[in-house]
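K.L.:
Numbered according to our numbering, the sequence shown terminates at residue 282, and the numbering increases by one at each position without gaps.
For every residue, glycine included, the Cβ atom is placed at its ideal position computed from N, Cα and C.
One structure, pasted below without further comment.
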Amino acid sequence: MQKYKITAIVPCYNESHNIVEVLKSVNFCDEIILVDSNSTDNTVELATPYFDKLLVRDYEHSASQKNWAIPQAKNEWILLVDADERVTPALKEEIISLFDRIDQQPHVGYWIGRLNFFMGKQVRFSGWRNDKVIRFFKKSKCRYADKQVHSEIVADGSVGYLKNKLTHYKYVGMDAHIKKLQRYASHQAVDYDKRTGRITGFHLIIKPVWSFCKHYFVQLGFLDGFVGLVIAYLRGYMVFMRYVKLWLLRRNID
């Protein structure tokens, strides 16, 4: 298989159930970097045949991890793929076609849409319909904003769009997903501290209820059936926990 001068970066932590498939999906890149946050399972062992460079670092937050890894790539163009994502064959062909004429393009990065799967079902609504991320970009022109959660690329230049999408498998079990939401809420509490006043019933009641209503009714989550109901409830729960965690953070309580 022909390799292209693109560096694929795959951050991971205890992703033994995902790691082989995601690395196989970026095998057209001539450098694959695995960024491991000291996994305690056999993620690295399973991944070893499929990557070119291993970087290991204790996890601080997602943006910090990625910004640390990006400058260590040997190539200018980066394809960053999370362990629970896959580059589809159609997206792969689009990236290769684009890369063959990349010097003629005006953009320093590209938005890529995501097809999200949750509880075994593709989610078509529920606020995830237009989900997109900047994942193909120039390392000299792009870096992640310094946010604890849901940080996006800040690009020094124009950003284009790719037509094909990543697949994103957000669910590996309800217990694991709730633990992930708890971690997100803890990181969000740090992000929200400076921009949030005193925690009141507005934050603990109105905002979680509104989050549920937005995902279930406004963003048509009810069309996703039972899965849409679960997503809306969990989004409301995460908003609630964000402000609980912020209340605790301000009082130095674990």
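1) Taking its Cβ as the centre, do 16 or more other Cβ atoms sit within 10 Å of ASN66, making it buried, or is it exposed?
2) How far does the beta strand (DSSP E) with THR35 in it reach, from first residue to last?
3) Taking the alpha-carbon of ILE37 as reference, which of GLY249, GLU73, TRP96, VAL237 has the nearest alpha-carbon?
4) Would you mind reading off the limits of the beta strand (DSSP E) that contains LEU218?
5) Indicate the three-state DSSP secondary structure (helix, strand or coil) for LYS160 in the structure shown.
6) What residue range is occupied by the uninterrupted beta strand (DSSP E) comprising GLN150?
7) If you follow the beta strand (DSSP E) that GLU104 is part of, which residue opens it and which one closes it?
8) DSSP on HIS196, reduced to helix/strand/coil?
9) At least one CB of chain B closer than 8 angstroms to the CB of THR76: is that the case?
10) When you compare each of PRO39, VAL177, GLU59, ILE140 to ARG85 by their alpha carbons, which one comes out closest?
11) Return the CA-CA distance between LEU83 and PHE245, expressed in angstroms with no decimal places.
P.N.:
Taking the coordinates as given:
1) Here residue 66 refers to the residue found at position 38 of the sequence shown. ASN66 is exposed by the Cβ-count criterion.
2) Indexing the sequence shown from 1 puts residue 35 at position 7. Note, THR35: beta strand (DSSP E), 32-40.
3) Translated into the one-based positions of the sequence shown, residue 37 becomes position 9. Here the closest residue by C-alpha is TRP96.
4) By 1-based counting over the sequence shown, the position of residue 218 is 190. It should be pointed out that residue 218 corresponds to Val in this sequence rather than to Leu. No beta strand (DSSP E) contains VAL218, which is instead part of the alpha helix (DSSP H) from 202-221.
5) Numbered from 1 along the sequence shown, position 132 holds the residue referred to as residue 160. LYS160: strand per DSSP, three-state reduction.
6) By 1-based counting over the sequence shown, the position of residue 150 is 122. Counting along the chain, the unbroken beta strand (DSSP E) around GLN150 starts and ends at 149-151.
7) As a first step, residue 104 is located in the sequence shown; it is residue number 76 there, counting from the start. Note, GLU104: premise wrong, no beta strand (DSSP E); not H, not E.
8) Here residue 196 is taken as the residue at index 168 of the sequence shown, counted from 1. Of the three classes helix, strand and coil, the one that applies to HIS196 here is strand, per DSSP.
9) In the displayed structure, chain B is absent; only one protein chain is listed.
10) The count along the sequence shown starts at 1 and reaches residue 85 at position 57. Answer by Cα proximity: PRO39.
11) Indexing the sequence shown from 1 puts residue 83 at position 55. Indexing the sequence shown from 1 puts residue 245 at position 217. Taken atom to atom, the span from the alpha-carbon of LEU83 to that of PHE245 is near 43 angstroms.
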